[in-house]
Amino acid sequence: MLGSHNDLNVLDRSYLFSELAEGRSPLANYTINDHQYTMGYYLADGIHPKWATLVQTISQPQGLKRQLFATMQEACQKDVKRAFGVLQAHERDDFLDDEYDGMEVRPPVQVLREPTLPFTEFIARHHMIRSSAVHHTLHNDLIEHFLSREGEQG
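Residue numbers (my numbering): -6 to 147.
This is the structure we're talking about:
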């Protein structure tokens, strides 16, 4: 169901966002239209919240800029979905190949005790991830960026 409580639970408990909030994700520093960004972003469907780390397409784009952005965003999403499907097929094949190899003995899991962020910094990062203001700025910057790139190539 669109926007169901389950969708929110999955997103809230996502490993990607946990690592980002805990300061353990890969660094992502980039500039678009003279705005500095310090977190990567992910392509998302319209059902996802407007966070600084999620960029959705525009469902009913008005104007050339927004139409171009929506077209490019949807093309990227199709590429990602196609690649994901290929990976899933390979994983399924690997699973079937390994299914009858018997039980694999694995060494015990080693728990690492790494220092954690101070709680206030964790909360600040958590709020930054969910910033709708940064989301809107990034979204508009990407629209302008795509339009300028299209102008250079055309």
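Note that beta-carbon positions come from the ideal geometry of N, C-alpha and C, so glycine has one too. All values derive from a computational prediction rather than experimental measurement.
**Message:** Does Val3 come out as helix, strand or coil in the three-state DSSP assignment?
**Reply:** helix
**Prompt:** Between the segment 63 to 71 and the segment 24 to 34, are three or more C-beta pairs nearer than 8 Å?
**Reply:** no
**Message:** So if DSSP puts Thr24 in a beta bridge, which residue, or which two residues, is it bridged to?
**Reply:** Gln29
**Prompt:** With distances taken from CA atoms, which of Ala126, Arg85 and Val48 is nearest Leu135?
**Reply:** Val48
**Prompt:** What is the DSSP secondary structure of Tyr35, reduced to helix, strand or coil?
**Reply:** strand
**Prompt:** Can you tell me whether DSSP reads Val104 as helix, strand or coil?
**Reply:** coil
**Asked** What separation, rounded to the nearest whole angstrom, lies between the Cα atoms of Thr130 and Ala14?
**Response** 20 Å
**Prompt:** For Leu80, which residues of its own chain have a beta-carbon under 6 Å away from its beta-carbon, when the five flanking residues on both sides are left out?
**Reply:** none
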